[in-house]
Amino acid sequence: TGGILDVYYFYAGSADEVITNYYNLIGKPSMPPFWGLGFQQSSWLYNNTKDLENVVKNYEDNDFPFDVIWADIPYMHNYINFSVNKTAFRYIKKFVDGLHKTNKHFVPIIDAGVSIEKAGDKANWYNIGRDMGIFIKSAKNPDKFDGNIIGSVWPKSAAFVDFFHPKSTDYWKQGLQHLHDIVPFDGVWLDMNEASNSCKDKDDNFIGECPPEVNSNFSDIVKKRLDATKPQLYSTPGAYDSVPWTPSGRPLYERTLSMDAYHYDESDSGNYIQYNTHSLFATLETRATAEFLKGPEGKKPFIISRASFAGHGQYGS
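Take a look at the structure:
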């Protein structure tokens, strides 16, 4: 996170008091559910429900303590969020129901990028989010891709939820509920949420968003925006591509989003650009996920996030 820095100094009589004051500022860590402290198992190599069943059976046959099994991206349909591969993981609901009967739990992965493609159940979470206006916006391509910044992640072309938008949590909870109706998961593993992006230009250099000329699967979403619907452009395109100093000497946008991409900003301050907000993506995503998992019963959410920022512990790990 770049241009705006708030510096706090903590003065106290002991290290314990300093730490206490720090947590009073950023928020105290949340208590996970009891089962979340148990032994957990995950692997990229679980390619179908049978693989998951075999892992659980091996733990049980060897009388080894075991509480939670995770599912990596192979469980999804074409790596699309909120979907399930109904061929390889056709019986996953039955599997998870069986876990619950023995007081075990299931945690699927969810990625940051929202695919522009339809899921196997015909749901198109890009179209839903586009119509709600809840994706991060592009300064470089404001007249393309419905004005949304498009990156490249596991499902190839994808947009990214703008968690500053007041409707974003409703959208995220709608997607999680859709997945939960298919497979009743207990916690969530949030991945690729720096946010990660692997777009490259024609010379194979990493860039902060994918231009249409180097991507063939944008044809369904490239369209002109009406002038009346164009959002306020808060930054000059490319203004933050080259700054006086960068960590390790690499561009700030490398493997992530363009620094001039911008978010919903009710105050019209112009400060809600990626250059200033980059490090907050994962924490805001985790907060929205925690709101879903708590539910009306006020349950303790279990969330593991790849990225985080100060104060993240209020919502997950």
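Heads up, the sequence shown is in full-length UniProt numbering, so the first residue is 1 and it goes up one at a time. For each residue, glycine too, the CB sits at the ideal point set by N, CA and C. Computed from a predicted structure; not experimentally measured.
Between the Cα of residue i and those of the options, spot the shortest distance and give me the residue it belongs to.
i	options	result
isoleucine 303	Pro244, Asn193, Asp203, Val84	Asn193
aspartate 121	Leu179, Ile149, Leu252, Ser138	Leu179
aspartate 241	Gln274, Val55, Asp265	Gln274
tryptophan 70	His312, Ser258, Asp191	Asp191
aspartate 265	Lys137, Gly295, Pro184, Gly147	Lys137
leucine 52	Gly38, Pro74, Leu37	Pro74
isoleucine 128	Asp6, Phe82, Ile19	Phe82
glycine 316	Arg287, Ile116, Ala112, Ala159	Arg287
valine 7	Ser14, Gly13, Tyr22, Asn85	Tyr22
glutamate 60	Ser168, His77, Phe39, Lys86	Phe39
aspartate 201	Ala239, Asp181, Tyr253, Pro244	Tyr253
glycine 298	Asp16, Lys28, Pro32	Pro32
isoleucine 150	Lys167, Tyr126, Asp203, Asp131	Tyr126
residue 385	Glu117, Ala15, Asp204	There is simply no residue 385 to check, as the chain begins at 1 and stops at 317 in what is shown.
aspartate 97	Phe185, Trp245, Pro244	Phe185
leucine 99	Lys57, Lys86, Asn85	Lys57
aspartate 131	Asp146, Pro142, Asn141	Asp146
valine 153	Ala239, Phe34, Ser279, Asn78	Asn78
proline 237	Asp143, Asp203, Pro244	Asp143
Leaving out five residues before and five after residue i in sequence, what residues of the same chain have Cβ atoms less than 7 angstroms from its Cβ?
i	result
threonine 229	Its pLDDT being 35, under 50, threonine 229 is placed unreliably in this model, and the coordinates cannot settle the point.
asparagine 48	Ala88, Phe89
arginine 255	Ser196, Asn197, Ser198, Phe206
alanine 12	Val18, Asn21
tyrosine 9	none
serine 168	Ile134, Val161, Asp162, Ala288
serine 308	Ala282, Thr283
Which residues in the same chain have their Cβ closer than 6 angstroms to the Cβ of residue i, if we skip the five residues on either side of it in sequence?
i	result
alanine 310	Ile26
residue 351	Residue coverage of the chain in this structure runs from 1 to 317, which leaves residue 351 outside it and unanswerable.
histidine 165	Ile134, Tyr264
isoleucine 80	Ser115, Ala119, Pro155
phenylalanine 292	Lys173, Leu176
Tell me, to the nearest whole angstrom, how far the beta carbon of residue i is from that of residue j; I am working on the premise that it is less than 8 angstroms.
i	j	result
histidine 263	threonine 277	6 angstroms
cysteine 210	serine 157	7 angstroms
glycine 36	glycine 187	7 angstroms
glycine 313	serine 30	7 angstroms
alanine 261	alanine 159	In fact, because the Cβ distance is near 11 angstroms, the residues do not count as touching under 8 angstroms.
isoleucine 182	lysine 94	Between lysine 94 and isoleucine 182 the Cβ distance is about 12 angstroms, and since that is not below 8 angstroms, they are no contact.
alanine 63	serine 42	For the sequence presented, residue 63 should be read as aspartate rather than alanine. Actually they are not in contact, since the Cβ atoms of aspartate 63 and serine 42 sit about 21 angstroms apart, beyond 8 angstroms.
What does a CB cutoff of less than 8 angstroms around residue i pick up in its chain, not counting 5 residues either side in sequence?
i	result
threonine 289	Ile110, Trp172, Leu176, Val188, Leu190, Pro301, Ile303, Tyr315, Gly316
alanine 123	Phe82, Ser83, His178
leucine 45	Asp51
arginine 306	Leu190, Asp191, Met192, Asn193, Glu194, Ala282
glutamate 285	Ala112, Val161, Phe163, Trp172, Leu190, Asn193, Ser305
proline 108	Trp70, Ala71, Tyr75, Leu179, Val183, Phe185, Val188, Trp189
Can residue i be considered in contact with the ligand NAP, in the sense that its beta carbon sits closer than 7 angstroms to one or more heavy atoms?
i	result
asparagine 271	With respect to the ligand NAP, the structure offers nothing, as it holds no ligand at all.
State whether the stretch 98 to 106 contacts the stretch 67 to 81, with contact taken as three or more CB pairs (one from each stretch) at a distance under 8 angstroms.
yes
What residue ranges within the stretch 96 to 173 form continuous beta strand (DSSP E) runs of no fewer than 3 residues, ordered along the chain?
105 to 111, 113 to 115, 151 to 153, 156 to 160
Run through the stretch 248 to 311 for me and flag every whole beta strand (DSSP E) of 3 or more residues, listed as ranges in chain order.
303 to 305
In chain order, which continuous runs of the alpha helix (DSSP H) of length 4 or greater are located wholly inside the stretch 9 to 33?
15 to 26
Starting from the N-terminal side, write out each stretch of the alpha helix (DSSP H) that is 4 residues or longer and does not extend beyond the stretch 73 to 99.
none
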